[in-house]
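Each residue of the sequence shown is one higher than the one before, starting from 81 at the first, in our numbering. Where a beta carbon is used, it is the ideal one built from N, C-alpha and C, also for glycine.
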Amino acid sequence: MTTVHNLGFPRIGARRELKFALEAYWKGESSRDALKATGAALRQRHWQQQSGLDLVPVGDFSFYDQVLDTSVMVGNLPQRVRGFQGDPLDNYFRVARGRSVQSDAEHTACCGVAAGEMTKWFDTNYHYIVPEFSADSAFTLDASRLLEQLAEARAQGVQAKPVIVGPVTYLAIGKAKDSSDKLALLPALLAVYSQLLDTLAEQGVEWVQIDEPILVTELDTDWQHAFNLAYHQLKACRIKILIATYFGQLQENLYLAANLPVAGLHLDAINGHDDIRPLLNLLPDHKVLSLGVINGRNIWKTDLSRVLDWLEPLAERLGERLWIAPSCSLLHVPVDLDSEQRLDAEIRSWLAFALQKLDELRLLARALRDGRDAVKAELAANAADLAARRASPRVHDPAVREAVAAIDANLGRRHSAYPQRADEQAALLQLPAYPTTTIGSFPQTGEIRQARSAYRAGTLDDAGYRSAMRAEIARSVREQEALGLDVLVHGEAERNDMVEYFGEQLEGYAFSQFGWVQSYGSRCVKPPILFGDIRRPRAMTVEWIRYAQSLTVKPMKGMLTGPVTMLNWSFVRDDQPRAVSCRQLALAIRAEVLDLEQAGVRVIQIDEAALREGLPLRRAEWRAYLDWAVDAFRIAANGVRDRTQIHTHMCYSEFNDIMETIAAMDADVITIETSRSDMELLDAFDDFNYPNQIGPGVYDIHSPNIPTREHIVQLMRKAAERIPPQRLWVNPDCGLKTRQWAEVLPALRNMVAAAHTLRQAA
Ligand code: GLN
Ligand code: ZN
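Here it is as structure tokens:
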């Protein structure tokens, strides 16, 4: 019989209970006991919701991050937080959050330490706290958290399967602070893992799930060797190990993964479907093969009959050795579709969130056990929903299809090359040297939020809302004029979120009410659902920008979110390639760009904050992604006349390996986040001889600190060592929406003063 299990469950809670409990605790508004009680209640509820599975994950619950939990478990907290006398949970939060640079009122329990660095968990939108290593890192086991959760689960009758991050992945995703060789630490780390597995075995645990997603990435021989070393050593523990891989294909690591001396292997049968066949021939007879047959990364219903078509013969062949599960932890999807009472019923009938995905899994298990006839009605209902989705006119818009088919190379090409455009733009805009600008948003004040929620609640009408937003726009224009900025922005008061704002105005997008997914710590995002062909029924931003421009003679930047970012921050369709959805978005944004130009807007910024986030896990696949991503950007941006200046903005900090792409985007001006790197990021642009204009951020907007004029001048001088000064702009790192006006004004005043100093010296 097929074993049914789960790899991990979202811990934030269907109503984000964990988020609110954490934030209340951090603010000193609730006790540690209250926080722990919320954690226990969530675990209990989530285990109940997973009932009927043969094995249920334990240890997947975390107060902040499972990788940080692993660091605690192996005794690898950074030196700077050792020797703390308080409660271990508070110390844990100190590594997670440091002494917040944002609002320090939040920090009753902490004294100042730098937070652990955060980075993306593989290609997801989840961020983990990066483990820190050095040549003298030592490890000691602290299994208390896992053992407590295990005892708790068992007391509730849960068939517990502890889940831990594997030793090789843990090392691979960490950072050697002294550039020492992380792999040299493996033996010491393994000693702790052995101890842990022995402890679990003593507790009578039969199976442990060890997550090694690094196996779906390119590994050099040292790391391949590390896998063999690790699992040959752990083999001595009297416990059955299921190595879990997910998010992609094993490809050349298939042989390695299949032959590690463990009891089972989990494979992502969605993203790694092509691995299944070769694996069947490689996998030793005694091993369990767990197949992740339900997509843990999106929100679509599974085509259950289609899965059964290929799964049934495997069940036949593998018998007891076949396990089924979601492709990866369900951490990456919202909890419960049943909460979505406002979502359009038709669209809802196409979706499945975590709980519904587990129902699908149970259904597949029944079909395998008792035959399809036993679940005939359910399979028929599933097939009907999917057929309706496939046939829905809301999904398929022939006009959009035609427009995408008609895209040719010319659409993505500016009329003239950069130098000629630059001359025309300079003549039109008449900007000084070192022109100053901002990235788009100004503080989202209490008044803005109040107006928005009143509007949503229906207590403020259209006209009232419009005039409230206009007042905010007028305020930001007034402030920018007073500051003496050169290229102004309207401030984005009317935007709740840079993707949602556009998604709400495009056909083909839907929005959930409670579809939150953990991004990091207590932070969640609610990705819009891109379900159909994308059409822009009407202009989305023109009225606001036109109004803003009417208040000033300075150039007003039109402000748009780019197609690649729209795509990468949404749940996307599984019935067509991402590249196709991206082209549709590109055409919609292009139409907006042209409308802005038509309305007399001379400078248009198209943000591509998430371009890098879409990079595939394997480098071999980067080229293809970057090619279609650049194409989409160019289609969106390049319909304009030479004299219209296109800006783009990106707020991440690694350009080295994508410089060709950045150059191919051919924006007249790119603004980037650089202030914390001391302008070293510009080396990539320098080495590449990047030909267009650059605005390297000189004001770290993540911090309430106000940069001084001298500091900004100094940063810009460093920039000018790398980029010819006539191609430099002066601007903050990113948008200012999370800051207060009281911080923003003095910072920008200094920024403008710095630009004056630079001009005089020039
Ligand atoms: N224009 C957006 C803003 O200023 C850009 C945000 C971003 O890059 N994440 O808020
Ligand atoms: Zn940014």
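For residue i and residue j, which I take to be in contact (beta-carbon distance under 8 Å), what is that distance rounded to the nearest angstrom?
| i | j | result |
| --- | --- | --- |
| residue 156 | residue 214 | Rounded, the Cβ-Cβ distance is 10 Å, inconsistent with contact. |
| residue 598 | residue 431 | That pair is no contact at about 19 Å. |
| residue 136 | residue 130 | 5 Å |
| residue 88 | residue 140 | 4 Å |
| residue 702 | residue 695 | 6 Å |
| residue 294 | residue 350 | Residue 294 to residue 350, Cβ: 19 Å. No contact. |
| residue 755 | residue 778 | 5 Å |
| residue 384 | residue 459 | 6 Å |
| residue 662 | residue 644 | 6 Å |
| residue 772 | residue 813 | Their Cβ separation, rounded to whole angstroms, is 19 Å, which puts residue 772 and residue 813 out of contact at 8 Å. |
| residue 675 | residue 619 | 5 Å |
| residue 326 | residue 274 | Contact flag wrong, Cβ pair sits at about 24 Å. |
| residue 726 | residue 712 | With 8 Å as the limit, residue 726 and residue 712 do not qualify as a contact, their Cβ atoms being about 14 Å apart. |
In terms of residues, what are the limits of the beta strand (DSSP E) holding residue i?
| i | result |
| --- | --- |
| residue 414 | Segment: none, residue 414 is in no beta strand (DSSP E) and carries neither H nor E. |
| residue 663 | Note, residue 663: premise wrong, no beta strand (DSSP E); alpha helix (DSSP H) at 658 to 678. |
| residue 320 | 320 to 324 |
| residue 347 | 344 to 348 |
| residue 371 | 368 to 374 |
| residue 240 | 240 to 245 |
| residue 589 | 587 to 590 |
| residue 750 | 749 to 752 |
| residue 200 | 198 to 200 |
| residue 315 | From DSSP, residue 315 is part of no beta strand (DSSP E); its letter is neither H nor E. |
Tell me the DSSP secondary structure of residue i in three-state form.
| i | result |
| --- | --- |
| residue 511 | coil |
| residue 713 | helix |
| residue 564 | coil |
| residue 613 | strand |
| residue 210 | coil |
| residue 603 | strand |
| residue 291 | strand |
| residue 429 | coil |
| residue 773 | strand |
| residue 687 | strand |
| residue 457 | helix |
| residue 107 | coil |
| residue 809 | coil |
| residue 186 | Reliability fails at residue 186, whose pLDDT of 37 lies under 50, so the model's placement of it is uncertain and the value that follows must be treated cautiously. Here residue 186 sits in helix by DSSP. |
| residue 530 | helix |
| residue 521 | strand |
| residue 256 | strand |
| residue 651 | strand |
| residue 792 | helix |
| residue 633 | coil |
| residue 299 | coil |
| residue 640 | strand |
| residue 570 | coil |
| residue 39 | No answer is possible for residue 39: the residues shown for the chain start at 81 and end at 842. |
| residue 180 | Annotation note: pLDDT 36 at residue 180 (below 50); position unreliable, coordinate value reported separately. Residue state, collapsed to three classes: coil. |
| residue 382 | coil |
| residue 516 | strand |
| residue 327 | coil |
| residue 274 | helix |
| residue 100 | helix |
| residue 480 | helix |
| residue 172 | helix |
Just to confirm the assignment, what range does the alpha helix (DSSP H) spanning residue i have?
| i | result |
| --- | --- |
| residue 119 | 112 to 129 |
| residue 403 | Premise fails: residue 403 lies in the beta strand (DSSP E), 402 to 406, not in any alpha helix (DSSP H). |
| residue 742 | 739 to 745 |
| residue 93 | Careful: residue 93 lies outside any alpha helix (DSSP H) and carries neither H nor E. |
| residue 831 | 821 to 841 |
| residue 437 | 434 to 450 |
| residue 728 | First-last for residue 728: 725 to 730, but that is the beta strand (DSSP E), not the alpha helix (DSSP H). |
| residue 596 | No alpha helix (DSSP H) holds residue 596; DSSP gives it neither H nor E. |
| residue 765 | 762 to 767 |
| residue 621 | Where residue 621 is concerned, there is no enclosing alpha helix (DSSP H), given that its DSSP letter is neither H nor E. |
| residue 487 | Per DSSP, residue 487 belongs to no alpha helix (DSSP H) and is neither H nor E. |
At a cut-off of 8 Å, is residue i close to the ligand FAD when judged by its beta-carbon and the heavy atoms of the ligand?
| i | result |
| --- | --- |
| residue 827 | No copy of the ligand FAD occurs in the structure displayed; its ligands are the ligand GLN and the ligand ZN alone. |
In chain order, each beta strand (DSSP E) run of at least 3 residues that lies wholly inside the stretch 134 to 158: 136 to 138
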